Structures are given as C-alpha cells and as structure tokens.
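First the structure, in the form of structure tokens, and then the observations on it.
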Amino acid sequence: MAHILVVDDDDILAENAARILIDAGHACGWVSDAKSAFEVLGKRRPDLVLLDQNMPGESGNSLLRRLRNSPRFYDLPIAMLTAVTGLKEEQIALYNGAQDYIRKPFSEKMLVFRVNQILKSRAERGKHRTLDEEVGVHRSASDTDRMSSVLQRLL
Numbered sequence: 001m002a003h004i005l006v007v008d009d010d011d012i013l014a015e016n017a018a019r020i021l022i023d024a025g026h027a028c029g030w031v032s033d034a035k036s037a038f039e040v041l042g043k044r045r046p047d048l049v050l051l052d053q054n055m056p057g058e059s060g061n062s063l064l065r066r067l068r069n070s071p072r073f074y075d076l077p078i079a080m081l082t083a084v085t086g087l088k089e090e091q092i093a094l095y096n097g098a099q100d101y102i103r104k105p106f107s108e109k110m111l112v113f114r115v116n117q118i119l120k121s122r123a124e125r126g127k128h129r130t131l132d133e134e135v136g137v138h139r140s141a142s143d144t145d146r147m148s149s150v151l152q153r154l155l
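When the sequence shown is numbered by this note's numbering, its final residue is 155 and no position is left out of the sequence of numbers.
Next up, the structure:
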C-alpha cells in the first residue's frame with residue numbers, strides 16, 4: 001500500500017481519483033491547491049503526488065519545480081494529472097521532473113496502471129541505490145587494500 005496525495009482544484013475529480021486509488025489498495029488523500037499541498041507535504045511525505053497542471057494561484061508546474069529544488073522532495077515521485085493535451089506542456093512537465101503525464105479524463109484501469117508503474121519504478125530505483133551503495137563500499141575497501149599493498153612495496 002502506498003500513500004498518495006492528489007492535488008487538484010476540481011474537487012469532484014480529485015475525490016474520484018482518490019476513491020479509485022483507495023479501491024486499488026492505496027491510502028489516498030487530496031487537497032485543492034499548491035499551498036495546501038505544501039502544508040501536507042511538510043507533515044508527511046507521500047509515496048507519490050498526482051498534481052494538476054493548471055490550478056488557481058500557484059500552478060502545478062510551479063509547485064513541481066519548487067519540489068524538485070527542495071532537498072527534502074527532489075526525488076519525490078510526481079505525476080501530472082491534467083486536462084492540458086499539448087505536447088509542449090507535456091515536455092515542459094517531464095523536463096521539470098514529472099515521472100508521468102496522465103491526461104484527464106482517465107479510465108480507472110489506466111489511472112491504477114500508471115500509478116502502479118510509477119510506484120514499481122520507484123521501488124526498483126531504491127533497490128539499485130542500495131546495491132550501488134554496497135558495491136561502492138566494497139570497491140573502496142578493495143581500493144584501499146590495493147593502495148596499501150603498493151605503498152608497502154614502495155617502502
């Protein structure tokens with residue numbers, strides 16, 4: 001079970017997305033603007049944020065950039081959830097660090113599939129990071145042993 005935050009000014013759509021994800025086994029809540037989202041994020045880091053691109057006040061893209069520049073949230077999985085269909089807007093969102101771009105209206109199956117793919121990818125990255133850290137420790141230990149051996153031969 002993942003914790004998911006939906007950020008969308010369309011309360012009906014946000015509630016529907018949350019219901020779909022809860023029915024799929026996730027814990028899910030929603031807020032209607034970027035300010036509220038940042039307040040919630042300050043209290044608890046979710047496993048995924050579904051972020052509307054166009055909201056009154058701070059836009060989803062602006063919040064996305066702010067999160068990507070934050071030491072605490074730079075790696076937080078974020079998918080844009082939007083009615084904007086232009087390729088340029090999608091490219092901007094992906095360039096700014098969104099993992100996915102889910103267009104409204106969406107089917108229940110597609111939303112669950114895309115969310116699960118993002119969560120699976122996040123889990124795989126975590127495994128790779130752990131392996132990289134373990135290999136790095138072994139590599140540096142073996143490098144130290146080799147350097148000691150070389151120094152002993154030189155002395």
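No residue lacks a Cβ here, since even glycine has one placed at the ideal position from N, Cα and C. If you're wondering where the values come from, they're calculated on a predicted model, not measured in any experiment.
#1: Give the straight-line distance between the Cα atoms of D160 and S32, rounded to the nearest whole angstrom.
#2: Determine, using beta-carbon pairs with one atom in the stretch 75-86 and one in the stretch 116-123, whether at least three such pairs fall under 8 angstroms.
#3: Near F38, what residues of its chain come up, given a Cβ to Cβ distance below 8 angstroms and the 5 sequence neighbours on each side ignored?
#4: Could you tell me which residues DSSP pairs with H3 in its beta bridges?
#5: Helix, strand or coil: how does DSSP classify R103 here?
#6: Where does M110 land, buried or exposed, given buried means 16+ other C-beta within 10 angstroms?
So, from the listed chains and residues:
#1: Given a span of 1 to 155 for the chain in the structure shown, any question on residue 160 remains unanswerable.
#2: Contact check between the stretch 75-86 and the stretch 116-123: three or more CB pairs, one atom from each, fall below 8 angstroms, which counts as touching.
#3: Annotation for F38: L63, R66 place their beta carbon closer than 8 angstroms to its own, counting only its chain and skipping 5 residues before and after.
#4: In DSSP, H3 forms a bridge with A27.
#5: In the structure shown, R103 sits in a strand (DSSP, three-state: E or B).
#6: Classification for M110: exposed.
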